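2 protein chains.
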Amino acid sequence: MRIALGQFNATVGDLAGNVAKMKKIWAQAMEAGADLVAFPEIAICGYPPEDLVYNRQFVSDTRTALEDLAATCNKGTVVVGFVDRGNGGLYNAAAVIQKGRIVHTYHKGNLPNYSVFDERRYFQTGDRPVVFNVNGMRVAVTICEDLWNTQRLTDLLTGVGRFHLLLNISASPFDMGKISRREEVITKCTDVFDCAVAYCNLVGGQDELVFDGRSILMDSTGCVAATAKAFDEDLLIADVREEADGIKIVPTQPPAVQPADTIEEVYEALVLATRDYVLKNGFRQTILGISGGIDSAITAAIAAAALGPENVQCVTMPSRFNSPETITDSKLVADNLGCPLLAIPIEPILAQFSQSLKADPRWTDGGIAYENLQARIRGMILMSLSNQVGSLVLTTGNKSEVSVGYSTLYGDSAGGFGVIKDVLKTTIYQLAEYINERAGREVIPVAVIKRIPSAELRPNQKDTDSLPDYDLLDRVITGYVEEDMSARELVDSGLPAETVERVIRMIDRNEYKRRQSAPGVRITAKAFGKDRRLPITNRYRTTVTDPKKQP
Amino acid sequence: MRIALGQFNATVGDLAGNVAKMKKIWAQAMEAGADLVAFPEIAICGYPPEDLVYNRQFVSDTRTALEDLAATCNKGTVVVGFVDRGNGGLYNAAAVIQKGRIVHTYHKGNLPNYSVFDERRYFQTGDRPVVFNVNGMRVAVTICEDLWNTQRLTDLLTGVGRFHLLLNISASPFDMGKISRREEVITKCTDVFDCAVAYCNLVGGQDELVFDGRSILMDSTGCVAATAKAFDEDLLIADVREEADGIKIVPTQPPAVQPADTIEEVYEALVLATRDYVLKNGFRQTILGISGGIDSAITAAIAAAALGPENVQCVTMPSRFNSPETITDSKLVADNLGCPLLAIPIEPILAQFSQSLKADPRWTDGGIAYENLQARIRGMILMSLSNQVGSLVLTTGNKSEVSVGYSTLYGDSAGGFGVIKDVLKTTIYQLAEYINERAGREVIPVAVIKRIPSAELRPNQKDTDSLPDYDLLDRVITGYVEEDMSARELVDSGLPAETVERVIRMIDRNEYKRRQSAPGVRITAKAFGKDRRLPITNRYRTTVTDPKKQP
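Protein chains in written order, with my numbering: chain A, 20 to 570; chain B, 20 to 570.
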């Protein structure tokens, strides 16, 4: 039996576009002699459709689109994800299409409702297995999370008899380290069910999420026989054969090159997510402020790789607080990348604002308000130019800054998409090295990498005036934000109590800024956004010393 | 048996503060001879704690706070909501305290996971009833949503034997019309279980949500015997007696005055939610832009009622596009309310910005970019003054504008809290009449009410240049946003197809603006925010004419 996994880039809500893509992939698979073609979870409407499924017209249009696909796929077997209206409500479903007709419908039974997932908000729980035949092989259908609870899956599949292949259609978002967790789960399934596994994943960016593809074919001995491309569309074809020592999988194509390490994964995730956010939202061009610092340089480099440097307008907006290197390094970054650069000094606007604000006698040229004003003038310049030419503003804040609120609301945080929003500062430095290595030249200037981080909003300002060293800061953020560690646990792990308490306080207090921030690419197991839902109004304070003494 | 319902205003995360309030209320109830005191759902830590419950320290601190409360409450019986760590995970729980000890723990069995609720994200489902005795009466404990599914509740309570009182501790947020749905549900329970019902609700604002209190005591014949105050703390005390014809409830105090109609409800909801957001987040003062239009006038009036007029700094920021009435009407509004007014003309800043932006030859003084720039200059002035003096910026956008994106990101949408974000323009006019009637004088000037709505960002601009009449617009928004009606259904209900399609398109396209907007008070059954989770990247388009022809 020849199987084809149609790992493609769906767009949420583009029913006609997604179906057209799948028809084309199906034709290619038929051309290649496939008996079974699988498409990802909810591929008809793109994942996650969120509250779109509350729109009755949307669900019935999805059905119409599915039937349109089925009518075309009149040869072989096709399995595709969609949203099904059944008895008792909506289901996250897989249709099995044979001879142009939907012959089975499977309803997902394990609905994730944690992290970025809200599936119990929308879907009812399925409880009936679906097993079908293709060329003498029996195939059991599952959807994404079904695979991650083998006890539940064992209960579901008890009584269906022997099957050769467990097919899983997924929309599994990327985070650093996810691939190895996925492989472990799939290996466990080959062991428990003594069958091969075909795992077909979605690829592409959707708001915060980026799906990395890397569909997997694993034989019944737990050996990865084939993996599809990472962060790109692919059609993975292989033969599934029953042999004496198990179910074997023999791919028809050479293996796809996989990312060498986590930093390469992150780079590719950022590039794909940025490209998809920009293009799927109808933009071609982007604009961003270039400060001469490393964050804006990396953001520009990612955007240039995603969209072409000609579509990345860089703007340097110096004030009297900027060092001379601000402009020279900005120019160097733009030149290295091949991006257009515009210079708009903010001093005249700053002076006029300050003059007008003196209408309130409490106004002073100095302090936080005056610093924020500078950042906001820059944000407004970018927004004005973007409105004028129809480009999208990219924000340049990294996860370390976003965590502790080291940014100005409506200033440097103003924009449509946060490319490095979930990337810690320490990872930013690794990305800079990777980008230069990949290009084989100094794309991110060494001067920019070596520069001491500064917001340059007052004379001789350095980030470390307000923040701990980034190495230490990032360890607190990783523990507190990503791993739900308490202050006590962080201190017990060897971090200084004063820093832990101060950083946690800053993280907690800046929820209001994050609530109004642009979406950005999620690359960790817990990003800010749908992943982490905290109240703004929140008087809880963890202290290391005595939890009862709350201020 | 004498029961006391401790309807109080909890603050999320303020464990010590909430416990201190409850101790005080308990003492008052004991003084009044109560045998049983009930506090709302998750009252120990405030509702909803959201992802705070992932913090292990938070959950154990909650336990410590509960035990502290229990130790004080050494007389009578107390029922209070908290987050319990049990076998298998966390539970939304009620502790029954007798003689200073926790004698029973009930786990909520019906977990809402729709609308603004995410309870299945956090909690496991309870499946064991708790019934306890107080002075010869048997009391069954339930939590909020448990009451809304009588079939499930019947199954749960089968076998517990006769009980006289169904106690429900709730955190049920307000929306227009909610009170009658609640009364229906409670009436049904008295009928199904042939018992009295004591319904203890939370009161207060928490981010988007406002809890309206209005705790209810209903006798077994379905008659409301007593209702606690609306939008305020209250201690509702009554005797519960078994008589020949059922379980009677005799309150010990005169009935609380209830809002006369929906507009009065909305007004009180906005005032309470605004006061709580500002004060619970550590602010005292607010600032807002006053345009001479009705939206900013209503926002100022609500804020003045919530915080006192001296804490509401009004700022008028005229340009050459404003009519002379902009300043005179702004002054009139501020004077009527007793709020301080500051005037900062934006022309000099606008001119300097425009001059600087000419560095990009594509910049023009006219068009949308130039209009947005004016709104952004105003937003920056307000943010700068708020940063300087430590006040909170209130935004003035209404739900009609927020729906169709008739606002400037980082401009008029800049701010910390959206007072009228969920109030349709047609309701705004009703609020204006109500405010004047309540005050017995012209607080909102008739000139402001009668003025034709305009953003005044170009000569002779009117809202109706871009939008349908508000009556029609609001009907489309109500149907599409609040009632999940499709374009086809809206047209079938009598609305013009062209308008329906155009408005829906505008609503769909402006998700990105709403994603970055400030939280605001929720007063409808579906507000923007946690209630309505739509993808930004979304190519779905409903059309009335032919659903297949998607652009």
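We put the CB at the ideal spot given by N, CA and C, even for glycine. Note that the structure is predicted; figures quoted are calculated from it, not measured.
Do residue i and residue j have their CB atoms nearer than 9 Å?
i, j, result
"Trp45 of chain A", "Gly25 of chain A", "yes"
"Ile387 of chain A", "Asn417 of chain A", "no"
"Val578 of chain A", "Leu85 of chain A", "Residue 578 of chain A lies beyond the stretch modelled for chain A, which goes from 20 to 570, so this question has no answer here."
"Ala23 of chain A", "Glu60 of chain A", "no"
"Pro554 of chain B", "Glu69 of chain A", "yes"
"Tyr429 of chain A", "Tyr429 of chain B", "yes"
"Leu291 of chain A", "Asp251 of chain A", "yes"
"Ala474 of chain B", "Val563 of chain B", "no"
"Ala451 of chain A", "Ile468 of chain A", "yes"
"Ala247 of chain B", "Ile235 of chain B", "yes"
Identify whether residue i lies in helix, strand or coil by the three-state DSSP scheme.
i, result
"Lys267 of chain B", "strand"
"Thr96 of chain B", "strand"
"Gln277 of chain B", "coil"
"Phe151 of chain B", "strand"
"Pro472 of chain A", "coil"
"Cys607 of chain B", "With chain B represented from 20 up to 570, any question about residue 607 of chain B goes unanswered, as that position is not in the structure."
"Glu517 of chain A", "helix"
"Glu406 of chain A", "The residue you asked about is not Glu; residue 406 of chain A is Asn in the sequence shown. Helix."
"Leu85 of chain A", "helix"
"Tyr286 of chain A", "helix"
"Leu428 of chain B", "coil"
"Ile188 of chain B", "strand"
"Leu166 of chain A", "helix"
"Arg233 of chain A", "coil"
"Arg524 of chain A", "helix"
"Met504 of chain B", "coil"
"Gly398 of chain B", "helix"
Evaluate residue i with the Cβ neighbour count: other Cβ atoms within 10 Å of its Cβ, from every protein chain shown; 16 or more gives buried, anything less gives exposed.
i, result
"Pro464 of chain B", "buried"
"Asp550 of chain B", "buried"
"Ala89 of chain A", "buried"
"Lys118 of chain A", "exposed"
"Val285 of chain A", "buried"
"Ile471 of chain A", "exposed"
"Asn129 of chain A", "buried"
"Glu276 of chain A", "Per the sequence shown, the amino acid found at residue 276 of chain A is Val instead of Glu. Exposed, because fewer than 16 other Cβ atoms sit within 10 Å of the Cβ of Val276 of chain A."
"Arg339 of chain A", "exposed"
"Glu420 of chain B", "buried"
"Gly459 of chain B", "exposed"
"Val297 of chain B", "buried"
"Ala370 of chain B", "exposed"
"Gly548 of chain B", "buried"
"Asp314 of chain A", "buried"
"Lys567 of chain A", "No answer about Lys567 of chain A holds up, because its pLDDT of 46 lies below 50 and its placement is not dependable."
"Thr177 of chain A", "exposed"
For a contact defined as C-beta to C-beta under 8 Å, what are the partners of residue i on chain A?
i, result
"Met20 of chain B", "What Met20 of chain B touches in chain A: nothing, since even the nearest Cβ is about 35 Å away."
"Asp503 of chain B", "Tyr73, Asn74 and Arg75"
"Ala382 of chain B", "Here the sequence assigns Trp to residue 382 of chain B, which means Ala is not the residue at that position. Near Trp382 of chain B (Cβ distances below 8 Å), the residues of chain A are Ser403, Leu404 and Gln407."
"Gly435 of chain B", "Tyr531"
"Ile367 of chain B", "The sequence as given places Pro at residue 367 of chain B; Ile does not occur at that position. Those are Gln371, Gln374 and Ser375, listed as they occur along chain A."
Since residue i meets chain B, which of its residues come closer than 7 Å, beta carbon to beta carbon?
i, result
"Lys299 of chain A", "Thr556"
Which residues in chain A sit within 7 Å of residue i, going by Cβ to Cβ distance?
i, result
"Glu69 of chain B", "Arg552, Leu553 and Pro554"
"Ala537 of chain B", "Gln535"
"Asn11 of chain B", "Given a span of 20 to 570 for chain B in the structure shown, any question on residue 11 of chain B remains unanswerable."
Given that residue i touches chain A, what residues does it touch there, using C-beta distances under 9 Å?
i, result
"Leu376 of chain B", "Ile363, Ile400, Ser403, Leu404 and Gln407"
"Leu31 of chain B", "Sequence inspection shows Val at residue 31 of chain B; the Leu mentioned does not correspond to that position. Ordered by position in chain A, the residues that pass the 9 Å Cβ test against Val31 of chain B are Pro554, Thr556, Asn557, Arg558 and Tyr559."
"Leu392 of chain B", "Met399, Met402, Ser403 and Asn406"
Determine the chain B residues that contact residue i at a beta-carbon separation under 8 Å, and present them in chain order.
i, result
"Gln225 of chain A", "Pro554 and Thr556"
Could you work out which residues of chain B lie near residue i, taking near to mean beta carbons separated by less than 9 Å?
i, result
"Pro328 of chain A", "The premise fails here: Pro328 of chain A is roughly 18 Å from chain B at the closest Cβ pair, so nothing lies under 9 Å."
Requested in this report: Could I get the ranges of all uninterrupted beta strand (DSSP E) runs contained in the stretch 333-390 of chain A, with 3 residues as the minimum, in chain order?
Outcome: 360-362
Report task. Go through the stretch 31-82 of chain A residue by residue and report every complete run of the alpha helix (DSSP H) that reaches 4 residues or more, in order. Result -> 34-50
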